[in-house]
Amino acid sequence: AQKITQTQPGMFVQEKEAVTLDCTYDTSDPSYGLFWYKQPSSGEMIFLIYQGSYDQQNATEGRYSLNFQKARKSANLVISASQLGDSAMYFCAMREGYAGGTSYGKLTFGQGTILTVHP
Amino acid sequence: EAQVTQNPRYLITVTGKKLTVTCSQNMNHEYMSWYRQDPGLGLRQIYYSMNVEVTDKGDVPEGYKVSRKEKRNFPLILESPSPNQTSLYFCASSLIAGGSYEQYFGPGTRLTVT
């Protein structure tokens, strides 16, 4: 079974509007972290935002917020006031386990969503 | 400046010719990892290391080797590259304890095996 699912291969948004990129995950581990990365056309991976499984509040970083719904196992990324520079591939990723576990540290990535911002 | 560096950034090689992609980080991170990125598959982990002399397989280790003799370096070795190893490779590092365990990524190495 897919551990991270991003169901939107591509999304389009008008400049200055908000957009939500979907991410659902699957884990039986009570301790995990969820990440969003941005990959522009230049190829580098840029960390955007992090949500821990025990965090009570949704994470926010500037124009990025993470809509964390634990019971539904979803961790959607919301980008407010989209800019042309937001056009990129976006990856959701999960890190499971506690220190010493066999899978500790591994980031499992979704397949990505290509976001295009129109002027 | 805190960073992960990889070399080379671009490499075109032929089947069977051994190659090494270097990775170095200056943040004193215990954890280092290699990923490959292929269209439609996202990033998949090849190998990882929890500390010096401690390495283990990720999801797609076949055809690759790694070593961790120093904390800052984690080279990826392809003993006999094949065309199916044509991919974009990322090295990443992070702390093991404390904080968000955010993984810092290198700039990527685009490898083509003909």
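From first to last, the protein sequence lines are chains A and B.
So the first sequence is residues 268 to 386, counted in the working numbering.
So the second sequence is residues -6 to 107, counted in the working numbering.
Virtual Cβ for every residue (Gly too), placed ideally from N, Cα, C.
Taking Glu363 (chain A) as the centre and dropping the five residues before and after it, the same chain places the C-beta of Thr294, Asp296, Tyr299 and Ser370 closer than 6 Å to its C-beta, in chain order. In this structure Ser86 (chain B) touches Val(-3) (chain B) by the C-beta definition: roughly 6 Å separates them, less than 8 Å. Within the stretch 374 to 386 of chain A, contact with chain B at the beta-carbon level (separation under 9 Å) is assigned to Leu374, Thr375, Phe376, Gly377, Gln378 and Gly379. With contacts defined as CB atoms closer than 7 Å, Gln38 (chain B) and Leu81 (chain B) fail to qualify as a contacting pair.
Residue contact check for Glu55 (chain B) against chain A: no CB pair falls below 7 Å. Comparing C-alpha distances from Gln324 (chain A) to each of A:Leu315, A:Asn334 and A:Arg330 shows the shortest one belongs to A:Asn334.
Put simply, the backbone Cα of Pro386 (chain A) is about 7 Å away from that of Leu351 (chain A). Between Tyr28 (chain B) and Phe83 (chain B), the C-beta spacing is below 7 Å. A check of alpha carbon separations from Tyr321 (chain A) across A:Lys305, A:Ala338 and A:Leu344 identifies A:Ala338 as the nearest. By the Cβ test, the stretch 55 to 65 of chain B is in contact with the stretch 11 to 26 of chain B, since at least three Cβ pairs between them sit closer than 8 Å. Taking the C-beta atoms as reference points, Phe358 (chain A) is found no nearer than 7 Å to Tyr292 (chain A).
For Gln38 (chain B), the uninterrupted beta strand (DSSP E) run begins and ends at Gly35 to Asn44, by DSSP.
Annotated three-state conformation of Gly352 (chain A) is helix, per DSSP. In summary, the residues of the stretch 32 to 45 of chain B whose CB is separated from some CB of chain A by less than 8 Å are Gly33, Leu34, Gly35, Leu36, Arg37, Gln38, Tyr41 and Met43, in the order they occur in the chain. Between Cys290 (chain A) and Leu374 (chain A), the beta carbon gap of about 13 Å keeps them out of contact (Cβ cut-off 8 Å). Between Pro74 (chain B) and chain A, the shortest Cβ-Cβ separation is not below 7 Å. Against chain B, the CB of Phe335 (chain A) has no partner CB under 7 Å away; the residue lies outside that interface.
Counting only residues of its own chain and dropping the five nearest sequence neighbours on each side, Gln378 (chain A) has a CB closer than 7 Å to the CB of Gln273.
Of the residues assessed, Val384 (chain A) falls on the buried side of the cut-off, its CB having 16 or more other CB atoms within 10 angstroms. Of the residues assessed, Gly51 (chain B) falls on the buried side of the cut-off, its CB having 16 or more other CB atoms within 10 angstroms.
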